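For reference, the structure discussed in these notes is given below.
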Amino acid sequence: MLRFLCVRLLAMVPLLVIVSFLIYSLIALVPGGPEVALAGSNPTPERIAAIREQLGLDEPFLVQYWNWFTDVLHGDLGTSFVDSQSVWSAIAHGFPVTLSLVGLTLLIAAVLGLALGLAAGLRPGSWVDRVSTVTASAFMALPYFWVGMMLVLVFAIQMRTLPAVGYVNFTDSPLDWLGHLILPAFSLATVPTAVVARQTRAAVTSVMQEDYIRTAVAKGLHPRRVAVKHVLKNAAVPVVTAFGVEANRLIGATVVIEQLFALPGVGKLAYFSVFSRDFPMVQGILLITAVLIMLVNLAVDLSYGYFNPKVKMS
Amino acid sequence: MTQSDSVDIRKPAAAPPGKDAGKDAGKEAGPIEPVSRTRAVVRRFRSNRSAVIGALLLLAIIVVTAAAPLIAPYGPAQVDISDRLSGPTAEHWLGTDTLGRDTLTRLMHGGRVSLAAAALAVVIATGIGLPLGLISGYFGGVVDWLLDRAADILMAFPAIILTIAIIAMVGPGLTTAMVSLGIVYAPRMYRVVRGSTLEVRREVYIEASTSIGTPHLTILRKRVLPNIMPAALVQLSFLLASALLAEVTVSLLGLGALPPTASWGSMLGQAFLEMRTNPSLAVYPGIAIAIATLCFNLIGDGLRDAFGRETRKAS
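Order-wise, the sequence lines are chains P and V. Quick note: the first sequence uses my numbering, first residue 456, plus one each step. Quick note: the second sequence uses my numbering, first residue 100, plus one each step.
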C-alpha cells in the first residue's frame with residue numbers, strides 16, 4: 456500500500472513539471488504578449504518596455520518559466536496583476552468556500568444517488584425502478600446552472616425561505632452556512648446523483664443474481680434484507696468511482712455556480728481573473744486545480760484497495 | 100424485424116459502420132459478418148423506444164433550428180419595445196424579452212449557434228482524437244506511450260477551467276471557445292478509440308491481414324476503423340451533450356457567443372442578469388438545452404445497448 460502510494464506520487468512529479476510548463480506557456484497565446492494586454496489602450500512604447508522589464512519578459516522564455524516554477528516550488532505563485540495580492544493567499548481565501556460547496560454536493564449526491572439506485576435495483580422493472588431511472592435521466596440532462604436559477608426562483612425569490620446569494624463561514628454560524636450552500640449544492644448535485652444512482656442500480660441488480668443471495672434466501676432470510684446488507688457493503692465502490700469521474704466536471708462547474716450564487720470561492724476568483732486578464736491568477740488557479748484533480752484520482756484509486764481487498768495494488 | 104433474411108443474402112455488401120467501406124466491398128472479399136451486424140444494430144436501435152424518440156426529437160430540433168431564418172416568425176434581433184416582456188400570446192407563442200424580441204425566434208436561432216458550436220468542438224475532438232487513438236492502439240510502443248502521457252496531461256485539467264483560461268489569454272469569442280474545447284476534449288475520444296483499437300488489434304482477422312502482407316494503412320482503414328466505430332459513435336453522442344453544455348456555460352459567462360447574437364447560453368446569461376426582475380426569461384432556454392441534452396444521452400445509451408449486446412454475443 457505504502458509502496459503503491461510512493462510510486463504513484465513519484466509518477467506525478469514529471470507530469471506536474473509538464474503541466475506547469477503548459478500552464479506557463481499559455482501566456483504565449485496572448486496576442487501581442489501580456490505587456491500589451493496590461494498596458495491599457497494607446498500605451499507608449501516606454502510604458503510597454505517598463506512592463507516588460509517589470510515582468511521579466513525580456514528574459515528567454517525557458518528562463519522565465521524556470522523562475523516562475525522555482526517560485527512555485529517555494530510556495531510563491533506570484534502576485535495578481537489587478538490588486539497586487541498574492542495569488543496563493545487569494546486562492547487560499549476562496550478555497551474553504553469551494554471545498555464546502557463541493558463537499559456538500561458530494562454528500563447530497565451520495566445519499567440521494569444511493570437511495571435512488573438501491574430502490575431501483577432491488578426491484579428491477581417495477582414502478583419504483585422506472586421512476587428512479589427517469590429521475591436519473593432527467594438529472595443527467597438538466598443543465599446544473601439552470602437548475603440553480605430555478606431553485607433561486609422558487610426558494611429565494613418566490614418563497615423567500617433561503618438566501619439566493621452570499622456566504623457565511625461555518626465557524627460563524629453552521630446553520631447559515633448550510634442555508635447559503637444548500638441551493639448551490641443541490642444544483643451541482645444533479646449529475647453526480649444520477650451517476651451514483653445508475654452505478655448503484657447496476658451493482659445491486661448484479662448482486663441480486665449472485666449465488667450467495669440464493670443461498671441466503673434458501674436459508675429463509677428475506678432476499679431484500681440480504682441484498683441491502685451485501686450491497687451497502689459494496690456500494691462504496693460505485694459511489695467513489697462516480698466521484699472520481701465527476702470531480703473534474705464539478706470543479707469546472709463551481710465557476711458558474713459560485714458566480715450565480717455570489718459565493719466568494721475559487722470558481723468566482725477564476726471567473727473574475729479571466730475577465731480582468733489577471734494572468735498570474737489564472738495560471739495559479741489552473742495549477743492548483745490540476746494538482747487537486749491528480750490527487751482526487753489517486754485517492755479514488757487508493758480507496759478501491761481499501762473498499763475491496765481483491766483489487767491488487769500494482 | 101421487418102427485414103427478411105433473403106435481403107441479407109441478396110445484398111451482402113451493405114455498408115459496415117465505416118463510411119467508405121461500402122464502395123470497397125466489391126474489390127476485396129470482406130467478411131460478411133459486419134453486414135449482418137450493422138443491420139442487427141440498426142434493428143436493435145429501432146426497437147429501443149426511448150432511443151428512437153431521442154433520435155427523432157433531435158432530428159426535429161436540427162431541422163427547426165437549421166431552417167430558423169426561413170420559418171421563424173420574426174427576426175432574431177427584431178426589437179419591439181412596445182411589446183416587451185409579453186407573456187405567451189397568439190403573436191408571441193413563448194412571449195418576448197426585455198427588448199421585445201420574440202423568444203421562440205431567438206430560441207430557434209440560438210439553437211443554430213449552440214448546436215453548431217457543440218458540433219464544431221466535437222468535430223475537432225474527433226479529428227484529433229480518432230486518428231491518434233488508432234495510431235496509438237495499433238502501433239503501440241513509444242508513440243503510444245507519448246500520446247497516452249499527453250492525454251494524461253490534458254485530462255488533468257477541468258475542461259471548463261482550461262477552456263476559459265485559454266479564452267482569458269486569446270480573448271473571448273465562440274469560435275475560440277469551441278476550438279479550445281475541441282482540443283480539451285480530444286483525449287476523451289482518443290482514450291476510447293485507443294482502448295477499442297487495442298482490443299481489435301488482437302483479433303485473428305488482423306493477424307491474417309498482416310500475414311498476407313496487407314499494408315498497415317489498409318488494415319487500419321478497412322479492418323480496424325469499422326470495428327472501433329461503435330465505441331467512437333457512442334462516445335461522440337456523449338461528447339456532443341458535454342460540448343453543448345460547455346457552449347452554454349461559456350456563453351452564459353459572457354465569454355462565448357456575445358450579444359446580440361442569440362445562443363441558448365447567451366439567452367440564459369441575459370436571463371440570469373434579469374433574474375430578479377424577469378425570472379420567467381430563464382425557463383425556455385433551459386428547457387431547450389435539457390431536451391437537446393436528453394436526446395444526445397438517449398441516442399448514446401441506445402447506441403451503446405445496440406452495439407453492446409452484439410459485442411457480447413460475438414465474444
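All C-beta atoms, glycine included, are put in the ideal place defined by N, C-alpha and C. No experiment lies behind these values; they were computed from the predicted model shown.
Nearest residue (CA-CA) to residue i, options the options
i, options, result
"residue 360(V)", "338(V), 274(V), 175(V) and 301(V)", "175(V)"
"residue 747(P)", "702(P), 761(P), 590(P) and 526(P)", "702(P)"
"residue 560(P)", "743(P), 757(P), 712(P) and 670(P)", "712(P)"
"residue 349(V)", "304(V), 217(V) and 397(V)", "217(V)"
"residue 699(P)", "729(P), 753(P) and 717(P)", "753(P)"
"residue 187(V)", "291(V), 323(V) and 383(V)", "383(V)"
"residue 641(P)", "751(P), 529(P), 522(P) and 565(P)", "565(P)"
"residue 520(P)", "505(P), 539(P) and 482(P)", "482(P)"
"residue 203(V)", "228(V), 385(V) and 398(V)", "385(V)"
"residue 255(V)", "750(P), 511(P), 692(P) and 609(P)", "750(P)"
"residue 592(P)", "571(P), 609(P) and 606(P)", "571(P)"
"residue 251(V)", "306(V), 214(V) and 289(V)", "289(V)"
"residue 210(V)", "245(V), 223(V), 164(V) and 197(V)", "164(V)"
"residue 538(P)", "493(P), 554(P), 637(P) and 619(P)", "493(P)"
"residue 267(V)", "726(P), 509(P), 587(P) and 618(P)", "726(P)"
"residue 600(P)", "497(P), 513(P), 716(P) and 460(P)", "716(P)"
"residue 236(V)", "154(V), 308(V) and 293(V)", "293(V)"
"residue 541(P)", "554(P), 526(P) and 509(P)", "526(P)"
"residue 201(V)", "303(V), 214(V), 374(V) and 184(V)", "184(V)"
Separation of residue j from residue i, as counted between CA atoms
i, j, result
"residue 128(V)", "residue 318(V)", "Bear in mind that a pLDDT of 49 at residue 128(V), under 50, signals an unreliable position, so the model cannot answer this."
"residue 115(V)", "residue 138(V)", "Residue confidence is low: residue 115(V) scores 45 on pLDDT, short of 50, so the model does not pin down where it sits. No coordinate-derived value is stated."
"residue 503(P)", "residue 167(V)", "47 angstroms"
"residue 271(V)", "residue 355(V)", "6 angstroms"
"residue 580(P)", "residue 146(V)", "18 angstroms"
"residue 709(P)", "residue 403(V)", "30 angstroms"
"residue 286(V)", "residue 390(V)", "27 angstroms"
"residue 649(P)", "residue 596(P)", "10 angstroms"
"residue 336(V)", "residue 761(P)", "35 angstroms"
"residue 723(P)", "residue 675(P)", "57 angstroms"
"residue 396(V)", "residue 340(V)", "7 angstroms"
"residue 366(V)", "residue 269(V)", "24 angstroms"
"residue 470(V)", "residue 530(P)", "Any answer about residue 470(V) is impossible in this case: the structure gives chain V only from 100 up to 414."
"residue 193(V)", "residue 381(V)", "12 angstroms"
"residue 645(P)", "residue 594(P)", "5 angstroms"
"residue 611(P)", "residue 618(P)", "6 angstroms"
"residue 330(V)", "residue 636(P)", "39 angstroms"
"residue 375(V)", "residue 714(P)", "15 angstroms"
"residue 257(V)", "residue 744(P)", "7 angstroms"
"residue 704(P)", "residue 344(V)", "11 angstroms"
Within 8 angstroms, strictly: CB atoms of residue i and residue j
i, j, result
"residue 719(P)", "residue 535(P)", "no"
"residue 156(V)", "residue 394(V)", "yes"
"residue 342(V)", "residue 249(V)", "no"
"residue 346(V)", "residue 368(V)", "no"
"residue 577(P)", "residue 681(P)", "no"
"residue 739(P)", "residue 546(P)", "yes"
"residue 283(V)", "residue 313(V)", "no"
"residue 707(P)", "residue 265(V)", "no"
"residue 603(P)", "residue 647(P)", "no"
"residue 291(V)", "residue 223(V)", "no"
Opening and closing residue of the alpha helix (DSSP H) in which residue i lies
i, result
"residue 284(V)", "273 to 300"
"residue 666(P)", "666 to 673"
"residue 320(V)", "No alpha helix (DSSP H) holds residue 320(V); DSSP gives it neither H nor E."
"residue 391(V)", "382 to 413"
"residue 635(P)", "629 to 663"
"residue 504(P)", "500 to 510"
"residue 369(V)", "363 to 372"
"residue 478(P)", "457 to 480"
"residue 520(P)", "516 to 528"
"residue 352(V)", "Per DSSP, residue 352(V) belongs to no alpha helix (DSSP H) and is neither H nor E."
"residue 490(P)", "489 to 493"
"residue 597(P)", "Careful: residue 597(P) lies outside any alpha helix (DSSP H) and carries neither H nor E."
"residue 758(P)", "734 to 762"
"residue 207(V)", "202 to 238"
Contact with chain A by residue i, beta-carbon distance below 8 angstroms
i, result
"residue 714(P)", "You won't find chain A in this structure, because its protein chains are P and V."
Residues of the region 209 to 225 of chain V with Cβ closer than 8 angstroms to any Cβ of chain P, in chain order: none
Which residues, in chain order, does the region 159 to 189 of chain V contribute to contact with chain P at a C-beta distance below 9 angstroms? Within the region 159 to 189 of chain V, no residue has a Cβ that lies closer than 9 angstroms to any Cβ of chain P.
Using a Cβ cut-off of 8 angstroms, which residues of the region 251 to 262 of chain V contact any Cβ in chain P, in chain order? Hits within the stretch, in order: 251, 252, 254, 255, 256, 257, 258, 259, 260 and 261.
What residues in the region 734 to 746 of chain P bring their beta carbon closer than 9 angstroms to a beta carbon of chain V? 734, 737, 738, 740, 741, 744, 745 and 746
Anything in the region 366 to 390 of chain V with a Cβ closer than 9 angstroms to a Cβ of chain P? List those residues in chain order, please. 367, 370, 371, 374, 375, 378, 379, 381, 382, 384, 385, 386, 388, 389 and 390
If the cut-off is 7 angstroms on Cβ atoms, which residues from the region 329 to 352 of chain V count as contacting chain P, listed in chain order? 344, 347, 348, 351 and 352
Name the residues in the region 469 to 484 of chain P whose C-beta lies less than 7 angstroms from a C-beta of chain V; which are they? The region 469 to 484 of chain P vs chain V, Cβ under 7 angstroms: 470, 473, 474, 477, 481, 482 and 484.
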